[in-house]
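Colleague: First, the structure itself, so that you have it in front of you.
Number of protein chains: 2
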Amino acid sequence: MSQIYDRVALIGLGLIASSMFWAMKRAGLAREVTGYARSEKSRETARRIGLCDRVCDTAREAVEGADLVVLCVPVGAMGAVAEEIASVLKPGATVSDVGSVKRGVIRAVQPHIPDGVHFVPAHPLAGTEHSGPESGFAELFDNRWCLLVPVEGSDPDAIARLRALWEGMGSNVDEMDADHHDLVLAVTSHAPHLIAYTMVGVADDLRRVTDSEVIKYSAAGFRDFTRIAASDPTMWRDVFLSNKDATLEILGRFTEELFALQRAIRTGDGDHLFDYFTRTRAIRRGIIDAGQDTDAPDFGRGKASS
Amino acid sequence: MSQIYDRVALIGLGLIASSMFWAMKRAGLAREVTGYARSEKSRETARRIGLCDRVCDTAREAVEGADLVVLCVPVGAMGAVAEEIASVLKPGATVSDVGSVKRGVIRAVQPHIPDGVHFVPAHPLAGTEHSGPESGFAELFDNRWCLLVPVEGSDPDAIARLRALWEGMGSNVDEMDADHHDLVLAVTSHAPHLIAYTMVGVADDLRRVTDSEVIKYSAAGFRDFTRIAASDPTMWRDVFLSNKDATLEILGRFTEELFALQRAIRTGDGDHLFDYFTRTRAIRRGIIDAGQDTDAPDFGRGKASS
């Protein structure tokens, strides 16, 4: 793989940024990668583990002279960061981001992008429940999708170059408009996360089922929910507030459907339940066939933990 | 590990029974294991892959002379099977089961247990989304909990022997009464499964988000839900119908909580969301510390599928 950018700046050094650094290094995609994190502790950690070629004490310092600037901060912080770095952006540079919501990020960031600088929003569909500068690894994006969400007037060359970077980091790349992106993600990610958070909160609340029992006996099902519900609170708060309409629409459909199943349980309508559960099995098969998950039973966890 | 039973009969040859067979063989816990499945195809598969020392064409034949009979059929079928085998049960034998609901199984099975035969219900908290005779593996129960739910008058020696069997198959064993079991499982397993089924069904229904997109872009979150929602439809229909009261109670609490979070999204109450999500993170940490899951990011899936 050959070099795609001379200098890349990563603003925010969490799971995604740190994985991007290791993935870029693995494939030699950038000559120098600078990094900035708001917290001094994160900057110190980054320096200690060799995350970024140069860790800077301000976002402006990290951005100066960069050909690509990637905003890797929570969605709610994107606008302020864009405003802060705007005046030092190099003419001809590209600004991108990795936010899970696109319409809100575009609304917050685009007004700060100077003429002659390209803005190409992006969203890598990859993650784990861990966060922080030490959570990244080079393989995070391998065979995962990265969605580019060009805005009106995005420069085709700038888009092509960013696409090459993500492909170089192992991703498959697609393009999509912002509103459609936000609806698809509300279904596949945002609503499921809120539901998982809710269920884990309910379990925690129930006084008759002691915490230790819930933890001790958390078989498949709840265990998966707790993994999802362990994700970064700041990131997810911002996601829900920024993708309010689509999330609330999906949650409305969800409760409607849940009430129908609750009613089937209450009235003993086994056929309704059986048909519903049979239908949901097919979509799982599709996900495995599409290469987006492993068919190993229980993710091979039974064996891994033995 | 030394032999615990001379002859064990497994009625039903799905994921749990087939895993029990391989786990018993691994540790030499039984001299002979017979098996029976209602479907001829499952019996043929079992014979082909060497599942059970002897595969029988009737449940009664499998049960004759057995020291331990384990009912591994869906919860809704337990009563009929117990009635069918009752008259051939060997005096002094133990009947057990592996059902996910205990009060309903006890109600259905206990009336058929003859005098002089012991009844010790059990529930191994282990599973994967796969089913059928080929889905089992010896390590399924390793370091997982198995809950014994003795009924009034269960013989202490019969309980101790069954405990030794489960420990020999790799499980940790606890005892619990039936009603408490059913409530704990409603929280940790039954309600989460229904919720996952619902969310996957909603995604499938939405015409604006095409199926292929939902599948293609199913990032963490939805992917985990689809795994849960791929579980055996018959088994889960029976679970919900048999554990109706506890499941409906938990679902009621769940919707209450979900509505509060939806309201926080609608009104833009970020603090409520942040505090809630911070609280749920702690319970995940507890599960990892309790050894019930791996701390590997995303179950190591990012690497496994690359």
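First to last, the sequence lines map onto chains A and B.
Once you know that position 305 of the first sequence is 309 in this note's numbering, the rest is easy, because the numbers rise by one and skip nothing.
Once you know that position 118 of the second sequence is 122 in this note's numbering, the rest is easy, because the numbers rise by one and skip nothing.
Heads up, the beta-carbon is just placed ideally off N, CA and C, and yes, glycines get one too.
Below 7 Å on C-beta distance, what does E138/A contact in chain B?
Modeller: Those within 7 Å of E138/A in chain B number zero; the least Cβ separation is about 11 Å.
Colleague: Check whether the Cβ of T38/B lies closer than 8 Å to any Cβ atom in chain A.
Modeller: no
Colleague: Helix, strand or coil: how does DSSP classify D101/A here?
Modeller: strand
Colleague: Of all the CB atoms in chain C, is at least one closer than 8 Å to the CB of A195/B?
Modeller: Any reference to chain C falls outside this structure, whose protein chains are A and B.
Colleague: Which same chain residues, not among the five before or five after R47/B, have their C-beta less than 6 Å away from its C-beta?
Modeller: Cβ neighbours of R47/B beyond the five flanking positions: A41 and V59.
Colleague: Would you check if the distance between the CB atom of G136/A and the CB atom of R283/B is smaller than 8 Å?
Modeller: no
Colleague: Suppose you measure from the CA of S75/A to the CA of A200/A; what does that come to, to the nearest Å?
Modeller: The residue you asked about is not Ser; residue 75/A is Leu in the sequence shown. Whole-angstrom Cα-Cα distance: 27 Å.
Colleague: E138/A to L19/B, Cα distance in whole Å?
Modeller: 38 Å
Colleague: Quick one: list the residues of chain B neighbouring W240/A, beta-carbon separation under 9 Å, in chain order.
Modeller: Listed along chain B, the residues sitting closer than 9 Å to W240/A by beta-carbon distance are L277, F278 and F281.
Colleague: Using the Cβ count rule (16 or more neighbours within 10 Å means buried), how would you classify D181/B?
Modeller: exposed
Colleague: One question on the structure: do S104/B and L187/B come within less than 8 Å of each other, judged by their Cβ atoms?
Modeller: no
Colleague: Taking 8 Å as the threshold (C-beta atoms), are F258/A and T38/B in contact?
Modeller: no
Colleague: So does the region 115 to 130 of chain A actually touch the region 260 to 268 of chain A, counting three or more Cβ pairs closer than 8 Å?
Modeller: A contact between stretches requires three or more CB pairs, one per stretch, nearer than 8 Å, and the region 115 to 130 of chain A fails this requirement with the region 260 to 268 of chain A.
Colleague: Let me check understanding here. Comparing Cα to Cα, which of E260/A, A63/A, T49/A and A164/A lies closest to L151/A?
Modeller: A164/A
Colleague: Can you list, in chain order, the residues of the region 244 to 258 of chain B whose Cβ is nearer than 8 Å to any Cβ on chain A?
Modeller: Shown in chain order are the members of the region 244 to 258 of chain B whose Cβ falls below 8 Å from a Cβ of chain A: F244, L245, K248, T251, L252, I254, L255, R257 and F258.
Colleague: Taking the alpha carbon of F141/B as the point to measure from, which residue in A112/B, M173/B, A126/B and D159/B has its own alpha carbon closest?
Modeller: M173/B
Colleague: For G172/A, which three-state DSSP category applies?
Modeller: The answer is helix: DSSP assigns G172/A an H, G or I state.
Colleague: Compare the C-alpha of E1/B against each of D209/A, E217/A, M24/A and E171/A and name the closest.
Modeller: Since the displayed chain B opens at 5 and closes at 310, residue 1/B lies outside it and no answer follows.
Colleague: Would you say K307/A faces chain B, with C-beta separation under 8 Å as the test?
Modeller: Only weak support exists for where K307/A lies, its pLDDT of 36 falling under 50; the value from the coordinates is given anyway. Chain B contact via Cβ: present.
Colleague: Could you give the DSSP three-state label for V243/B: helix, strand or coil?
Modeller: V243/B carries a helical assignment under DSSP once its states are collapsed to helix, strand and coil.
Colleague: Does the region 73 to 93 of chain B come close enough to the region 50 to 58 of chain B that 3 or more CB-CB pairs lie under 8 Å?
Modeller: Touching, no.
Colleague: Residue ranges of each beta strand (DSSP E) run of no fewer than 3 residues wholly in the region 80 to 138 of chain A, ordered along the chain?
Modeller: Every beta strand (DSSP E) stretch that sits fully inside the region 80 to 138 of chain A and reaches 3 residues is listed by chain position as 98 to 101 and 126 to 128.
Colleague: With a floor of 4 residues, list each alpha helix (DSSP H) that falls wholly inside the region 147 to 200 of chain B, ordered by position along the chain.
Modeller: DSSP runs (the alpha helix (DSSP H)) wholly in the region 147 to 200 of chain B: 160 to 172 and 182 to 189.
Colleague: Closer than 8 Å, CB to CB, is S310/A near chain B or not?
Modeller: Residue confidence is low: S310/A scores 27 on pLDDT, short of 50, so the model does not pin down where it sits. No coordinate-derived value is stated.
Colleague: Start and end of the alpha helix (DSSP H) containing L265/B?
Modeller: K248 to T271
Colleague: Spatial neighbours of W26/A within its chain, please: CB distance less than 7 Å, with the 5 preceding and 5 following residues excluded, ordered by chain position.
Modeller: G140, F141 and A142
Colleague: When we look at the beta-carbon of E44/B and count the other beta-carbons within 10 Å, is it buried (16 or more) or exposed?
Modeller: Exposed, because fewer than 16 other Cβ atoms sit within 10 Å of the Cβ of E44/B.
Colleague: If you run the structure through DSSP and keep just helix, strand and coil, what is R42/A?
Modeller: In the structure shown, R42/A adopts coil according to DSSP, grouped into three states.
Colleague: What residue does the alpha helix (DSSP H) around V67/A start on, and which one ends it?
Modeller: A63 to V67
Colleague: For G205/A, which residues in chain B fall below 7 Å Cβ to Cβ?
Modeller: E261, Y280, R283 and T284
Colleague: Could you confirm whether any beta carbon from chain B is found closer than 8 Å to the beta carbon of L265/A?
Modeller: yes
Colleague: Keeping to the same chain, check which residues put their C-beta closer than 6 Å to that of S22/B; ignore five residues upstream and five downstream.
Modeller: L55, P137 and G140
Colleague: Between the C-alpha atoms of I269/B and G83/A, what's the straight-line distance to the nearest angstrom?
Modeller: 20 Å
Colleague: Are the beta-carbon atoms of F278/B and T230/A separated by less than 8 Å?
Modeller: no
Colleague: Go ahead and label E133/B buried or exposed: buried means 16 or more other beta carbons lie within 10 angstroms of its beta carbon, across all protein chains shown.
Modeller: buried
Colleague: Q7/B: which of I89/B, A233/B, R30/B and I15/B sits nearest, CA to CA?
Modeller: Ranking the options by Cα distance to Q7/B, first place goes to R30/B.
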